[in-house]
Every structure is written in C-alpha cells, then in structure tokens.
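Those letters in the sequence shown? Residues 538 to 702, per the working numbering, in order.
No residue lacks a Cβ here, since even glycine has one placed at the ideal position from N, Cα and C.
Owing to the predicted nature of the structure, the values given are computational and were not obtained by experimental measurement.
Take a look at the structure below.
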Amino acid sequence: MPIDPKLAAALNNHVSLEARSAFSYFSMASWAQVRGLTGMAAWFRKEAEGEMAHMRQFVDHLNDRGHQATFTALPEPRSTWESAIDVFDDVVKLETELCEQIDRLIEVSHDQRDHFTGSFLQSFVPQQIADMAEADEIRDRLRIVGTDGQGVILIDQELRAMAGR
Ligand SMILES: [Fe+2]
Ligand SMILES: [Fe+2]
Numbered sequence: 538m539p540i541d542p543k544l545a546a547a548l549n550n551h552v553s554l555e556a557r558s559a560f561s562y563f564s565m566a567s568w569a570q571v572r573g574l575t576g577m578a579a580w581f582r583k584e585a586e587g588e589m590a591h592m593r594q595f596v597d598h599l600n601d602r603g604h605q606a607t608f609t610a611l612p613e614p615r616s617t618w619e620s621a622i623d624v625f626d627d628v629v630k631l632e633t634e635l636c637e638q639i640d641r642l643i644e645v646s647h648d649q650r651d652h653f654t655g656s657f658l659q660s661f662v663p664q665q666i667a668d669m670a671e672a673d674e675i676r677d678r679l680r681i682v683g684t685d686g687q688g689v690i691l692i693d694q695e696l697r698a699m700a701g702r
C-alpha cells in the first residue's frame, strides 16, 4: 500500500531532520570530549546514535511502503558554545523541533487516513516525550550548579551513567 505523495514528502523531510539532529549531537559530543566532560560526550554520542536509528526507521517505512527514500545535503552543525548550559539550550530546542514535527506528521497521516503511518509515528511519541523531559531536566540541573566545577563534574558522572557506557 503506497503512501500518499504529500505524506511521503513530509516523512522524507523528517529523514533529514533526524540526520541533522544526529550531526548536532555528534558535534556536541566533540565539544564536550575536548573539555574533559567525557560523561556528557558519551551521553551526546548515545543520542546521536539514537537519532541515526530513528532516521533509519523512517527510511525503512518509506521504502517498505513503496516510496524510495531520498537524502539531502546537511547543513554544517554548530560547533561552538559558551557553556554546557548553552549546549543544553540547543538540545532542548532540537528535541522540541523533533516533537513538533512528529506531531505535524501525525496530523497529516490522519488527514490522509493513513493509519499504518499513524501507528508508526505514534510509536515515537513516548520516547520523544521522555527525551524532551530529560533534556529539560539536565539543563535545569546545570543551571542550579552554574559555574561550580564540582557540581558540573557530578552531573557529568550522572550523564555517563545515563549513557550506560
Ligand atoms: Fe529522533
Ligand atoms: Fe532525540
């Protein structure tokens, strides 16, 4: 059962957004790594791999439903930030954008009465909500410790544990 062309184009657009998000996380991981924030780097790296996995799921859904997924050039991700709080401001923005786009895609799938795509998209919702809440919580904790080095190191250790590596 092929996907409606308008919905397919919107889904293919999301392939780029997931890839762009992965690039951003890889860039954040490098930023953290060279600053001794190795736990944070591991957390970013894990997120990057998660976005790559999401991208692959969208590609598979398109291909499996008779629409060949295509790829675009990606913009260069940001690589300089003032502080870890500054980086996490971007993380919150990035995850919010992903959430909003999935929400819009669900709306389009409903309009097109494409329930298979609707249920495919719904499977991303719980994880997306958890990702957004987690990013927000880490940013809040970074704000609490501010420039206190010991506090930042503690959060870095927590992030390493969260990344499980
Ligand atoms: Fe994602
Ligand atoms: Fe994510």
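For A569, I'd like the list of residues in its chain whose CB is within less than 7 angstroms of its CB, leaving aside the five on either flank, ordered along the chain. For this step, residue 569 is matched to residue 32 along the sequence shown. Excluding sequence neighbours, A569 sits near M577, A578, F581.
DSSP-derived helix/strand/coil call for S646: Here residue 646 refers to the residue found at position 109 of the sequence shown. Here S646 sits in helix by DSSP.
Leaving out the 5 sequence neighbours to the left and right, which residues in its chain are closer than 6 angstroms to D668 when beta-carbon positions are compared? In the sequence shown, counting from the first residue as 1, residue 668 sits at position 131. Here the set comprises E632.
Pop quiz: R572 and I622 are said to be a contact at Cβ under 8 angstroms. What is the actual Cβ separation, rounded to whole angstroms? Taking the sequence shown and counting its residues from 1, the one referred to as residue 572 is at position 35. Taking the sequence shown and counting its residues from 1, the one referred to as residue 622 is at position 85. Between R572 and I622, the beta carbon gap of about 13 angstroms keeps them out of contact (Cβ cut-off 8 angstroms).
Comparing the CB of S558 with every heavy atom of ligand 1, is any distance shorter than 7 angstroms? Residue 558 sits at position 21 when you count from the first residue of the sequence shown. Under cutoff, so the answer is yes.
Confirm, please, whether the CB-CB distance from A610 to A585 is below 8 angstroms. Along the sequence shown, one-based indexing puts residue 585 at 48. Along the sequence shown, one-based indexing puts residue 610 at 73. Contact: no.
Please report how far the alpha carbon of H598 lies from the alpha carbon of I690, in whole angstroms. As a position in the sequence shown, residue 598 is number 61, starting the count at 1. As a position in the sequence shown, residue 690 is number 153, starting the count at 1. One C-alpha to the other measures close to 41 angstroms.
Considering only residues of the same chain and omitting the five flanking positions on each side of S553, which have a CB-CB separation below 8 angstroms? Sequence index remark: in the sequence shown, residue 553 carries index 16 (1-based). Closer than 8 angstroms at the Cβ level, and outside the excluded window around S553, lie F608, T609, L611.
Going by alpha carbons, who is nearest to I639 out of N550, P539, D541, P542? Looking up residue 639 in the sequence shown gives position 102. When only C-alpha atoms are compared, the closest one is N550.
With a threshold of 6 angstroms on Cβ separation, who are the neighbours of A700 within its own chain once the five nearest residues in sequence on each side are excluded? Here residue 700 refers to the residue found at position 163 of the sequence shown. So the list reads A579, W580, K583, once near-sequence residues are dropped.
Would you decide whether V662 is buried or exposed? Buried here means 16 or more other CB atoms lie within 10 Å of its CB. If you number the sequence shown from 1, residue 662 lands on position 125. With fewer than 16 Cβ atoms within 10 Å of its Cβ, V662 is classed as exposed.
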